[in-house]
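S.K.: Chains as they are written, first to last, in the working numbering: chain H, 1 to 291; chain P, 1001 to 1291. Okay, here's the structure, questions in a sec.
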């Protein structure tokens, strides 16, 4: 049970967490903080938070749990600002899609308060942003990865784990580097590829016609290109090593496709497509088993 | 009104067309032909076709409309086999995602019967295959592109157009080369990129874990990698020039992304993501206006 939860950044993730914890009866009071005043007011109007604070120190003082749900590039400043106001017994966690850079940032920004920070990442989201996009079931059946620090107390980790379990998520622990590599492959790479495809087509001369002739497959494929550009700029920079490595590996994959196509190698293409279909079908099958 | 419709390949597209034309009262009798006997029997059981023929000549004799809904690589043989049995007044059309190669094939295979062939392509589909995946509303509000030949009679074109309009589609005409370039960009490229991504990840050592940590965005992005491998092998070979060109242009786009990421150029990334998001959001907006 959380007495006072401070949500820093009441958007899709922060708002959804507030909603589900309230529904689950896991929290007494929810305080929202953020830079966008219109969005904060909307969070109050929707009943997602009980009240808002316009200064970060007021938002965290008296909170037993602080959740950072802002783009990873903003976390250095936020952590440094809140550090002096963190009380004994306050646990801070984040929802950033990159853990290595966030932990490095936290070490510098929090100093002696570092043990309070338990890094986390819910593997859930949609392409939409802001509190209006939030909904209580966003984390149901989804994984949340925690990458605890050697400095964390077990009790702090347990409180973050309990919070996410109350939100309906399946909580797992993972090493920081491993997390960043896996996410580069399954999330960061696809987002960059989708942005890249839409950007490429939008620069074709007859773009209006091109998009008019796009069918459902294209819409599915590019949906994530509607995601928040600032959030993805920050992720791209924060996880640059693993992402650049995946982009280069993907270029190798495209090289193989081009070569098979230019050589008229139908067998190679069919094998590749069949292997990919089997892997993708297995994923759908696992989803259905879970439902 | 079609007296007897012969559907060659009663799968997702052929089956859906049969369903909707029957619902619309636009057809008297539907004859199915295909290589997969289990699928054909299923088409009869589902009432998608009235009866099946196990030889192609029997299927087309007496039909006033023949629709080829098989992978484009199989069309040369099918067209050559049916050519002697095509009667005056029979119109043949196809649903292939590539028009240049199909037309070249048809010129050779049909010879003097070429005027009967009106090339077409419904811009609709799902990642599923077979008659079980077919449904009557597949073409509702979707575009169908016709790329008529100089040899076609206006009346033949009109009959194909009427058929697709009865199926709820919006019918447009386009040049063959233009069609193949537009589709390479909006359909063929995304399918190859999705197959490539799933293939790349399936070869990572810890693939089971990688897929377990994939969220909704990845599922959307890779859904089309569950598409039929033979169909996509054929499309890749038939439209090889335009597809290879798009794959190379896409590699240029990835080069730009890698360079921005490795140089820590957040401004360039944010600009690119913002431009792509605007284009993708406009697409969603147009969809919603149409609904």
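Yeah, the Cβ is synthetic: ideal placement off N, Cα and C, and Gly gets one too. Since the structure is predicted, the reported quantities are computational estimates derived from the model, not experimental observations.
(1) Across the stretch 1243-1259 of chain P and the stretch 1168-1188 of chain P, are there enough close Cβ pairs to call them in contact, namely three or more that are closer than 8 Å?
(2) DSSP state of residue 1168 (chain P), grouped into three classes?
(3) Does the beta carbon of residue 1009 (chain P) sit closer than 7 Å to a beta carbon anywhere in chain H?
(4) Need the endpoints of the beta strand (DSSP E) that residue 1293 (chain P) sits in, please.
(5) Name, please, each residue of chain H whose Cβ falls closer than 8 Å to the Cβ of residue 1292 (chain P).
(6) Got a sec, what are the start and stop residues for the alpha helix (DSSP H) residue 1060 (chain P) sits in?
(7) Look at residue 174 (chain H) and residue 1211 (chain P) and say whether their C-beta atoms are less than 7 Å apart.
(8) At least one CB of chain P closer than 7 Å to the CB of residue 176 (chain H): is that the case?
(9) Any Cβ of chain H within less than 7 Å of the Cβ of residue 1180 (chain P)?
(10) Of all the options H:215, H:106, H:13, which has the alpha carbon lying nearest to the alpha carbon of residue 82 (chain H)?
(11) Can you tell me the Cα-Cα spacing of residue 285 (chain H) and residue 277 (chain H), whole angstroms?
(12) Hey, could you find the ends of the beta strand (DSSP E) residue 1006 (chain P) is sitting in?
(13) Taking the CB atoms as reference points, tell me whether residue 1103 (chain P) and residue 1119 (chain P) lie closer together than 7 Å.
(14) Compare the C-beta of residue 229 (chain H) with all C-beta atoms of chain P and state if any pair is closer than 7 Å.
(15) I need the straight-line Cα distance from residue 1161 (chain P) to residue 1149 (chain P), nearest angstrom please.
(16) Compare the C-beta of residue 108 (chain H) against all C-beta atoms of chain P and say whether one is closer than 7 Å.
(17) In terms of residue numbering, what span does the alpha helix (DSSP H) encompassing residue 1153 (chain P) cover?
(18) With 7 Å set as the bound, which would you pick, yes or no: does the beta-carbon of residue 232 (chain H) sit closer than that to a beta-carbon of chain P?
(19) Quick one: is residue 1055 (chain P) buried, meaning 16 or more other Cβ sit within 10 Å of its Cβ, or exposed?
(20) According to a CB-to-CB cut-off of less than 8 Å, which residues of the stretch 1114-1140 of chain P neighbour chain H?
(21) Residues of chain P with a CB under 7 Å from the CB of residue 71 (chain H): which are they?
(22) Using a C-beta to C-beta distance shorter than 8 Å, which residues of chain B count as neighbours of residue 1250 (chain P)?
(23) Would you mind telling me which residues of chain P sit closer than 7 Å to residue 190 (chain H), beta carbon to beta carbon, in chain order?
(24) For residue 78 (chain H), which residues in the same chain have their Cβ closer than 7 Å to its Cβ, ignoring the five residues on either side in sequence?
(25) Which word fits residue 147 (chain H), buried or exposed, when buried means at least 16 other C-beta atoms lie within 10 angstroms of its C-beta?
(26) Would you mind telling me which residues of chain P sit closer than 8 Å to residue 210 (chain H), beta carbon to beta carbon, in chain order?
(27) Can you tell me where the beta strand (DSSP E) with residue 216 (chain H) in it begins and where it stops?
(28) With distance defined between alpha-carbon atoms, name the residue in P:1241, P:1227, P:1076, P:1051 nearest to residue 218 (chain H).
(29) Mind checking residue 1134 (chain P): buried by the 16 CB within 10 Å criterion, or exposed?
(30) At a CB distance below 9 Å, what residues from the stretch 1270-1282 of chain P approach chain H? Give them in sequence order.
(31) What is the DSSP secondary structure of residue 230 (chain H), reduced to helix, strand or coil?
(32) Nearest-angstrom Cα distance between residue 1034 (chain P) and residue 1041 (chain P)?
(33) Using Cβ-Cβ distances below 9 Å, what residues of the stretch 1085-1111 of chain P are close to chain H?
(34) With distances taken between CB atoms, is the gap from residue 1050 (chain P) to residue 1029 (chain P) smaller than 7 Å?
(35) Residue 236 (chain H) touches chain P at which residues, Cβ-Cβ below 7 Å?
M.R.: Taking the definition as stated:
(1) With the cut-off at 8 Å, the stretch 1243-1259 of chain P and the stretch 1168-1188 of chain P touch.
(2) coil
(3) no
(4) Outside the displayed range of chain P (1001 to 1291) lies residue 1293 (chain P), so it cannot be described from this structure.
(5) This structure leaves residue 1292 (chain P) out entirely; chain P is present only between 1001 and 1291.
(6) 1056-1060
(7) no
(8) no
(9) no
(10) H:106
(11) Cα to Cα, residue 285 (chain H) sits roughly 12 Å from residue 277 (chain H).
(12) 1002-1008
(13) yes
(14) yes
(15) 14 Å
(16) It does not; no Cβ of chain P falls within 7 Å.
(17) It is not in any alpha helix (DSSP H) - residue 1153 (chain P) carries neither H nor E in the DSSP assignment.
(18) yes
(19) exposed
(20) 1123, 1124, 1125, 1126, 1127
(21) At a beta-carbon threshold of 7 Å, none of the residues of chain P lie near residue 71 (chain H); the nearest stands roughly 11 Å away.
(22) Of the protein chains in this structure, namely H and P, none is chain B.
(23) 1197, 1217, 1218, 1221
(24) 8, 56, 68, 70
(25) buried
(26) 1182, 1185, 1186
(27) Not the beta strand (DSSP E): residue 216 (chain H) falls in the alpha helix (DSSP H), residues 216-222.
(28) Selected option, being the one with the closest Cα: P:1227.
(29) With 16 or more Cβ atoms within 10 Å of its Cβ, residue 1134 (chain P) is classed as buried.
(30) Against chain H - using a Cβ distance shorter than 9 Å - the residues of the stretch 1270-1282 of chain P are 1270, 1271, 1272, 1273, 1274, 1275, 1276, 1277, 1278, 1279, 1280, 1281, 1282.
(31) helix
(32) 10 Å
(33) none
(34) yes
(35) 1261, 1269
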